[in-house]
Amino acid sequence: MSGLVMPAPDGATLRNRDEIVADMRIIVPGEGVVDTEHSMRAFETDGLTAYRQLPLVVVLPQTVAQVARILKYCNDRNIRVVPRGAGTSLSGGALPLADAVLLVMSRFNRILDIDYANRTVTAQPGVTNLGITDAVRHEGFYYAPDPSSQIACSIGGNVAENSGGVHCLKYGLTANNVLGVEMVLMSGEVVRLGGKHLDAEGYDLLGVVTGSEGLLGVVTEVTVRILKAPETARAVLLGFPSNEQAGQCVADIIGAGIVPGGMEMMDAPAIRAAEDFVHAGYPLDVEALLIVELDGPGAEVDHLIGRVEAIARDNGSTTCRVSQSEAERLTFWAGRKAAFPAVGRISPDYYCMDGTIPRKELPKVLSGMREMSEKYGLGVANVFHAGDGNLHPLILYDANVPGELERAEAFGADILRLCVRVGGVLTGEHGVGVEKRDLMPEMFSEDDLAQQMRVKCAFDPGHLLNPGKMFPQLHRCAELGRMHVRAGQIPFPDIPRF
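Structure representation (structure tokens):
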């Protein structure tokens, strides 16, 4: 693992492995415990495949009671636990630890309730993102957040990372579409936050949990908002001679008061890779491509398409193609959603980054990335959630060439530092995990990080849930309390019971 420092394995836990495995088999009988080296290889990494680590043991519970018993058992014996969904995390958030139980939630795969009157779906965390839409599509509904990995990623993982997607510009991230969760704390206590109602009373603990990357509890049930499918949806392909012109077009569309259902941008390497892979009809003679989707009543969509075309022409667009059927619209999006695997066809390995910037800074950041590409001697293909400034540079490298992975990591770190310098943030939807953990001080002061750690302490005083992720330093909760008192501030309150 290049430059990756994780908490030191607990020797006592490793020595007691056989006893722990036997006790896990009592809690989760049958085939719910995986403990051989060969079988655990399937779980040694997540979507950040440069990093690998075998867990102590893999446990796949099927009931909330089993999850509660596992967490209480581990809490009582000071055993670390790493929660895992479908393993599609791109920031190493589900990376196992050698002395930790890997708690895999994939067997929680049922939809529990569909309530069209309240426009909600309640699902177990192992249900895929796309599975929720598939369950309600026949009634004309859908679930709006749509990550590129939606065919595989789980709704529980979406909650952990506050996942986005190509249609989140208009309809919001996971946080804007989750109404309630059931979760199990490290103590084994089962709690509920929110529900089917629009907003919960008291502190916004649901907002705290969404995007908490498995550090606060294990989600066992999720209630999400579903939407009625729009009457009309059409996508426009816009090609530009330069990234700067495409970036300015994005700013001008938003500045004109138009909020597309989705607005994505791809640069030349990404365009060519996606077209070769999907044959979506993308123009190959442009340096940048925008996919702009307008949805709503037919007359409104037709009007907005005309306005978008005019704005694109003013910014030097050389290509304009409007989808003429639902099949063609889906084909336009298929190329964008397949951009990540498509880039895998042109490079042995790639490192997928995730940062967010103010839209007006896009030309500056793209120019900076070109300079970094020359500095590090590595190519980069860019795909963006352009409307909300969420960048996904794909750094191309070959892990078999000594030093290239290290250069790719350094390149990625410099991209994220640039995002912060221009007023952006380290992540938009992939989370911090281990990938961005040591960059947190670029964005947060020591006091900021200490306050965030106090939230962790309120939920998990023993730091047993997913340790080594997100925070560049681990503090004992008692130590944080002393720091807080010395600073003359009000101590952080205990988490309220619910």
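Per this note's numbering, the sequence shown runs over residues 26 to 523. Beta carbons are placed, not taken as given, at the ideal position from N, Cα and C, and that holds for glycine.
Under the criterion of beta carbons closer than 8 angstroms, VAL447 and LYS389 qualify as touching, at roughly 6 angstroms.
In its chain, beyond the 5 residues on either side, ILE336, ASP339, ASN340 have a beta carbon closer than 8 angstroms to the beta carbon of ASP277. By the C-beta density criterion, LYS362 is buried, having at least 16 other C-beta atoms within 10 angstroms.
With the rule of 3 Cβ pairs closer than 8 angstroms, the stretch 133-152 does not count as touching the stretch 41-57.
The residue from LEU443, CYS377, PHE133, GLY280 with its alpha-carbon nearest to that of SER114 is CYS377.
As computed with DSSP, LEU73 is found in no beta bridge at all. DSSP lists no bridge partner for LYS389.
The C-alpha of ALA367 lies about 5 angstroms from the C-alpha of ALA298.
Looking at the DSSP output, THR248 shares a beta bridge with THR147, GLY205.
Excluding the 5 residues flanking it on each side, THR153 has same chain C-beta neighbours closer than 8 angstroms at ALA111, GLN175, ILE176, ALA177, CYS178, SER179, ILE180, in chain order. CA-CA distance, ARG442 to GLY414, rounds to 15 angstroms. Every alpha helix (DSSP H) stretch that sits fully inside the stretch 288-354 and reaches 4 residues is listed by chain position as 293-303, 323-339. Boundaries around ILE136 are those of the beta strand (DSSP E), 136-140, since no alpha helix (DSSP H) includes it. The DSSP-derived three-state label of SER188 is coil.
Within the same chain, and ignoring the five residues on either side of LEU329 in sequence, the residues whose Cβ sits closer than 7 angstroms to its Cβ are ILE283, LEU319.
Taking all protein chains shown into account, HIS488 has 16 or more neighbouring C-beta atoms within 10 Å of its C-beta and is therefore buried. Around the C-beta of SER173, 16 or more other C-beta atoms lie within 10 Å, and the residue is accordingly described as buried. With distances taken between CA atoms, ARG42 lies nearest to ARG102 out of ARG102, PHE365, VAL89, ARG109. Beyond the five residues adjoining it in sequence on each side, LEU315 comes within less than 6 angstroms, by CB distance, of LEU263, ALA271, MET290 in the same chain, given in chain order. With a threshold of 16 other beta carbon atoms within 10 Å, SER188 meets it and is buried. The residue from LEU79, THR88, PRO34, THR147 with its alpha-carbon nearest to that of PRO54 is THR88. When Cβ pairs closer than 8 angstroms are counted between the two stretches, the stretch 234-250 is seen to touch the stretch 197-208, the count reaching three or more. Three or more pairs of CB atoms, one per stretch, sit closer than 8 angstroms, so the stretch 234-241 contacts the stretch 479-493. The residues ASP71, ARG109, GLY112, in chain order, have a CB closer than 6 angstroms to that of ALA119 in the same chain once the five nearest residues on each side in sequence are set aside.
Where ILE95 is concerned, the enclosing alpha helix (DSSP H) starts and stops at 89-101. Put simply, of GLU226, HIS417, PHE166 the residue whose alpha carbon is nearest the alpha carbon of LYS253 is PHE166. When C-beta atoms of the stretch 416-424 are compared with those of the stretch 401-408, three or more pairs fall below 8 angstroms, so the two segments count as touching. In this structure, the beta-carbon distance from LEU127 to VAL107 falls below 9 angstroms. Taking the C-beta atoms as reference points, ILE371 is found nearer than 9 angstroms to PRO294.
Boundaries for THR257: no alpha helix (DSSP H) harbours it, while the beta strand (DSSP E) harbouring it runs 257-265, taken from the DSSP string.
LEU39 and LEU81 have their C-alpha atoms spaced approximately 7 angstroms apart. With a threshold of 16 other beta carbon atoms within 10 Å, PRO86 meets it and is buried. For ASN425, same chain residues with a beta-carbon under 8 angstroms away, outside a window of 5 residues either side, are PRO373 in chain order. Counted as a single uninterrupted DSSP element, the alpha helix (DSSP H) harbouring VAL46 occupies residues 42-52. Closest in alpha carbon position to HIS222, among VAL184, HIS192, ASN143, is ASN143. Between GLY437 and MET495, the gap from beta carbon to beta carbon reaches 9 angstroms or more.
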